[in-house]
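Below: the structure, in structure tokens.
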Amino acid sequence: MAVSGKVVHYDPNRGFGFLAPEEGGADVFLHINDINIDEDSLRPGAKVSFDIEETDRGSKAVNVEVTEEAPADDSAGGSRPHRRDDHHGRGHRHDERGGRRPRGGLDAAAFTEELTELLLDADDDLTARQIVAIRQRITDFAVGRGWVLD
3 MAVSGKVVHY DPNRGFGFLA PEEGGADVFL HINDINIDED SLRPGAKVSF DIEETDRGSK
63 AVNVEVTEEA PADDSAGGSR PHRRDDHHGR GHRHDERGGR RPRGGLDAAA FTEELTELLL
123 DADDDLTARQ IVAIRQRITD FAVGRGWVLD
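Counting from 3, one number per residue, gives the positions in the sequence shown under the numbering used here.
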């Protein structure tokens, strides 16, 4: 049975990413070996239709079809640097207690995307199930502390 959803993240250099089912629930792992479409169409926000297959390492997407392209963004195409490289020089303010806090606030979706990329960069041995579980716990924690906008 086909599920509708959106691309959360896809890294063409590593050949995998995550899809978010429209009806909610855990994100679904996507691997290059399980698709037969142009990887360039797997940009965050693209609407997709896919089947979910359960494996010993967690759920994975198969039979993926892009049903609507990702909204155009303002960036000048091409590959972007790793998120961890993008943090250098980013401005911070200090709160009243002397702690650092980022300028502006991240909403939960933006935080989740950044966290996903950090986890993907951190360890090649993390499974999709582990990444989803870690990401959810950290996002819930950050939202609960008011560090991330809900």
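Yeah, the Cβ is synthetic: ideal placement off N, Cα and C, and Gly gets one too.
{"Asked": "So for Gly146, helix, strand or coil by DSSP?", "Found": "helix"}
{"Asked": "Just the C-alpha distance for Phe113 and His11, rounded to the nearest angstrom, thanks.", "Found": "12 Å"}
{"Asked": "Kindly indicate the opening and closing residues of the beta strand (DSSP E) around Glu56.", "Found": "Lys49 to Thr57"}
{"Asked": "Thr129 by DSSP, collapsed to three states: which one?", "Found": "coil"}
{"Asked": "Pick out whichever of Gly26, Ile133 and Ser61 has its Cα sitting closest to the Cα of Leu120.", "Found": "Ile133"}
{"Asked": "Is the CB-CB distance between Arg131 and Gly60 below 8 Å?", "Found": "yes"}
{"Asked": "CB-CB under 7 Å to Asp13, same chain, minus the five flanking residues each way: which ones, in chain order?", "Found": "Gly19 and Leu122"}
{"Asked": "Classify Thr129 as buried or exposed, calling it buried when 16 or more other Cβ atoms lie within 10 Å of its own Cβ.", "Found": "exposed"}
{"Asked": "May I have the straight-line CA-CA distance separating Phe143 from Ile39, to the nearest angstrom?", "Found": "36 Å"}
{"Asked": "Could you tell me how far apart the beta carbons of Ala110 and Asp42 are, in whole angstroms, since I believe they sit closer than 8 Å?", "Found": "With 8 Å as the limit, Ala110 and Asp42 do not qualify as a contact, their Cβ atoms being about 27 Å apart."}
{"Asked": "Tell me which residues share the same chain as Gly47 and place their Cβ nearer than 7 Å to its Cβ, disregarding the 5 neighbours each side in the sequence.", "Found": "Lys8, Val9, Ala72 and Pro73"}
{"Asked": "From what residue to what residue does the beta strand (DSSP E) around Ala22 run?", "Found": "Phe18 to Pro23"}
{"Asked": "Are the beta-carbon atoms belonging to Ala4 and Asp53 less than 8 Å from one another?", "Found": "yes"}
{"Asked": "DSSP three-state label for Ala63, please.", "Found": "strand"}
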